[in-house]
RNA sequence: GGGCCUGUAGCUCAGUCAGGUAGAGCAUCCGGCUUUUAACCGGACGGUCGCGGGUUCGAACCCCGUCAGGCCCGCCA
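Residue numbers (the working numbering): 91 to 624.
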């Protein structure tokens, strides 16, 4: 059973109606790691719906959180906004300075600036959650009841946090962070509480009162989270391992939400995605691959498969090089399998059966919509990569794949070719996928060359010097160089690939050579002969 | 200090929840296609399932211990 179905099954035991929640703080550029948060929730939702449950899938945007610091991609100007809620400060412009103009005119906040492109990417990938903005929820009174309980039971909450997380809270700690005279959540000391007002004194020496029913502040994270479960009615939430550790915010949250008279949601802790060789993704360090960037390179199904095929507790190492190649090929392999037939096989071991069922589940989750019909194109990523690099036009690619004017390639394949071309031109294309000629022959290439190979190489050079420089004649010249002395064409290809590309096999040479000047090719072959004879 | 995850073929991993004869892909090697594709087809090679105990008729799987690596508990998913 697919992991999402396992969670859905657990939910079915609890009831028929469910609110499945996800949440992210849009404090910077979104990355693939955030996609796991959302897709994990999306996949549980899909599985729950498949199981006949009534599901409300939500995405809570934590735009009530404060700006922690001036991130590397921000201008120093932002220091004035440290501690301010990211839903109430201007978005950065191209230089990283706060764009006051746009903020005034269009109301584009810092949070929206990062959120909007992410939502766009989510649509492309088939995720359409109900959006709940946290700051607006505070301002419109959704938190009233829970905030009051939190303030009334401040001592009990303090006890839970201190006991469960085993850390000591300051004497002036209070379960409500008021906004100060400048709109910052930092450096404010709570001096008293009298519902609905929390009295405070800020770092500027100003005193005031915060009305907890009007969003003049917020609950601290460890309370804010269970408060959301409670007023929204969340029954299931997947969250990162940072929240899931012992003494972490889920552990305190599950007790705190009971103070609100609410039962904690079904948890699912997921591992992080790291960029191969560079550690965890982090918005502030710039060590990211954005969902938008990734979607330019591959179809959404492949990105979904990345999340679907790994259990949540499995750390994922991702990169836009060979990982992507393998992932895309895995996707094609899955598509071309005949699961019905595999399941009918006799003497199917339990292990084998589980494997097939998980593959079916992962593929189902990879679909952008549940109605999508996935078609196998029978063209692997590697192969398409090869064609895109060697063919001079799209038409030539289609022709090579056997498509004609009357039998046109499917749009999904056209889309893949376009993305492939972007990938090839980008920095992401791994060296081993790039087609290139060897300019300076390496002597170790010829270690295994015997007399036959050397003889063929000499003839090959002569053939290429005299033949017409088009792909047909070049194509004949290569095997002829061996045939003319009664040898298998195989040797000729081995020689040609070894000398020109430094490997024993490769893509069809003739069309590639035809695109390159004859003199350059001859030069390479001559250098090889020189090295061999020396 | 507390907790989590990982350790299975050269590589990447599945299989561990519901114990029942060690799996996939890639890589390698061999063969075929008297060379449309680093394609495709067929085959081979390859594992003391980290280690040691225990439970069991039977353990990669459950229990205890142990080693190694990674990570979290400072609101970075």
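Backbone N, C-alpha and C fix where the C-beta goes; we use that ideal spot for every residue, glycine too.
Going by CA-CA distance only, name the one from 158, 543, 563, 604 that's closest to residue 576. Residue mapping note: residue 576 aligns to position 486 of the first chain, counting from 1. The residue with the shortest Cα to Cα distance from residue 576 is 543.
Is residue 285 helix, strand or coil when you go by DSSP? Within the first chain, residue 285 is the residue found at index 195, counting from 1. Residue 285 falls in the coil class under three-state DSSP.
With residue 326 as the anchor, note down where its beta strand (DSSP E) starts and where it stops. What you label residue 326 is simply residue 236 of the first chain in a count that begins at 1. Residue 326 -> beta strand (DSSP E) spans 326 to 330.
Reducing DSSP to helix, strand and coil, say where residue 266 ends up. One-based indexing of the first chain puts residue 266 at position 176. It is coil, neither helix nor strand.
Residue range of the beta strand (DSSP E) that residue 223 falls in? Locating residue 223 in the first chain gives position 133, counting from the first residue. Unbroken beta strand (DSSP E) run through residue 223: 220 to 223.
Runs of 4 residues minimum, wholly inside the stretch 290 to 341: which ones carry the alpha helix (DSSP H) assignment? 311 to 318, 331 to 334
Would DSSP call residue 124 helix, strand or coil? Here residue 124 refers to the residue found at position 34 when the first chain is read from its first residue. If DSSP states are grouped into helix, strand and coil, residue 124 belongs with the helices.
The stretch 153 to 173 in contact with the stretch 415 to 425 per 3-pair CB rule at 8 Å: no
In terms of DSSP beta bridges, what is residue 149 paired with? Sequence index remark: in the first chain, residue 149 carries index 59 (1-based). According to DSSP, residue 149 bridges with 112, 221.
Using only CA atoms, which one of 278, 136, 118, 177 lies nearest to residue 204? By one-based count along the first chain, residue 204 stands at place 114. When only C-alpha atoms are compared, the closest one is 118.
In three-state terms, what does DSSP make of residue 585? As a position in the first chain, residue 585 is number 495, starting the count at 1. In the structure shown, residue 585 sits in a helix (DSSP, three-state: H, G or I).
Near residue 291, what residues of its chain come up, given a Cβ to Cβ distance below 6 Å and the 5 sequence neighbours on each side ignored? Position 201 of the first chain holds residue 291. Closer than 6 Å at the Cβ level, and outside the excluded window around residue 291, lie 279, 281, 297.
For residue 387, does the count of other Cβ atoms within 10 angstroms reach 16, so buried, or fall short, so exposed? Residue numbering aside, residue 387 sits at position 297 when the first chain is read from its first letter. Result: buried.
Would you call the CB atoms of residue 606 and residue 393 closer than 8 Å? Along the first chain, one-based indexing puts residue 606 at 516. Along the first chain, one-based indexing puts residue 393 at 303. No; because the gap between Cβ atoms is not below 8 Å, this pair is not in contact.
Rounded to the nearest angstrom, what separates residue 408 and residue 233 at their Cα positions? The count along the first chain starts at 1 and reaches residue 408 at position 318. The count along the first chain starts at 1 and reaches residue 233 at position 143. Rounded to whole angstroms, residue 408 to residue 233 spans 39 Å at the Cα level.
Proximity below 8 Å, CB of residue 567 to CB of residue 546: Counting from one through the first chain, the residue named residue 567 turns up at place 477. Counting from one through the first chain, the residue named residue 546 turns up at place 456. Their beta carbons are not under 8 Å apart, which means residue 567 does not touch residue 546 by this criterion.
Bridge partner(s) assigned by DSSP for residue 180: What you label residue 180 is simply residue 90 of the first chain in a count that begins at 1. Partner(s): 199.
With the cut-off set at 8 Å, would you say residue 240 and residue 287 are in Cβ contact? Indexing the first chain from 1 puts residue 240 at position 150. Indexing the first chain from 1 puts residue 287 at position 197. Their beta carbons are not under 8 Å apart, which means residue 240 does not touch residue 287 by this criterion.
Given a threshold of 16 other Cβ atoms within 10 Å of its Cβ, counted over all protein chains shown, does residue 474 qualify as buried or as exposed? Counted from its first residue, the first chain places residue 474 at position 384. Buried: at least 16 other Cβ atoms inside 10 Å.
Taking 7 Å as the limit between beta carbons, can you name the residues of its chain near residue 211, skipping five residues before and five after? Locating residue 211 in the first chain gives position 121, counting from the first residue. Only 381, 382, 385 meet the Cβ criterion.
Extent of the continuous alpha helix (DSSP H) to which residue 480 belongs: The sequence position of residue 480 within the first chain is 390, counting from 1. Residue 480 -> alpha helix (DSSP H) spans 471 to 480.
Distance between residue 402 and residue 332 (C-alpha atoms, nearest Å): By 1-based counting over the first chain, the position of residue 332 is 242. By 1-based counting over the first chain, the position of residue 402 is 312. Taking the straight line from one Cα to the other gives about 14 Å.
Relative to the C-alpha of residue 322, which residue among 431, 390, 224 is closest? Along the first chain, one-based indexing puts residue 322 at 232. Among 431, 390, 224, the Cα nearest to that of residue 322 belongs to 224.
Between residue 326 and residue 354, is the Cβ-Cβ spacing less than 8 Å? Along the first chain, one-based indexing puts residue 326 at 236. Along the first chain, one-based indexing puts residue 354 at 264. No, the Cβ-Cβ distance between residue 326 and residue 354 is not below 8 Å.
Residues sharing a beta bridge with residue 280, DSSP: For the purposes of this step, residue 280 is taken as the residue at position 190 of the first chain. DSSP, once it has assigned bridges, lists 290 as partnering residue 280.
Expressed to the nearest angstrom, what Euclidean distance is found between the alpha-carbon atoms of residue 127 and residue 190? Start at 1 with the first residue of the first chain, and residue 127 comes out as number 37. Start at 1 with the first residue of the first chain, and residue 190 comes out as number 100. Their backbone Cα atoms lie some 32 Å apart in a straight line.
Counting only runs that start and end within the stretch 389 to 473, where is the alpha helix (DSSP H) found for 4 or more residues in a row? 390 to 398, 412 to 426, 429 to 434, 440 to 456
Taking the alpha carbon of residue 338 as the reference point, which residue from 304, 256, 295 has its own alpha carbon closest? The residue given as residue 338 occupies position 248 in the first chain. Of the listed residues, the one whose Cα sits closest to residue 338 is 256.
Exposed or buried, what is residue 554 when buried is set at 16 or more other beta-carbons lying within 10 Å of its beta-carbon? In the first chain, the residue the question calls residue 554 occupies position 464. Flag for residue 554 reads buried.
First and last residue of the uninterrupted beta strand (DSSP E) at residue 97: In the first chain, counting from the first residue as 1, residue 97 sits at position 7. Run containing residue 97: none in the beta strand (DSSP E); it sits in the alpha helix (DSSP H), 93 to 104.
Determine the direct distance from the alpha carbon of residue 98 to that of residue 135, and round the result to whole angstroms. Locating residue 135 in the first chain gives position 45, counting from the first residue. Locating residue 98 in the first chain gives position 8, counting from the first residue. Each residue's Cα considered, the two are about 8 Å apart.
Put residue 144 into one of helix, strand or coil per three-state DSSP. Along the first chain, one-based indexing puts residue 144 at 54. Three-state result, residue 144: strand.
Of the choices 413, 171, 362, 311, whose alpha-carbon is the least far from that of residue 668? Outside the modelled stretch of the chain, which goes from 91 to 624, sits residue 668, for which no answer is possible.
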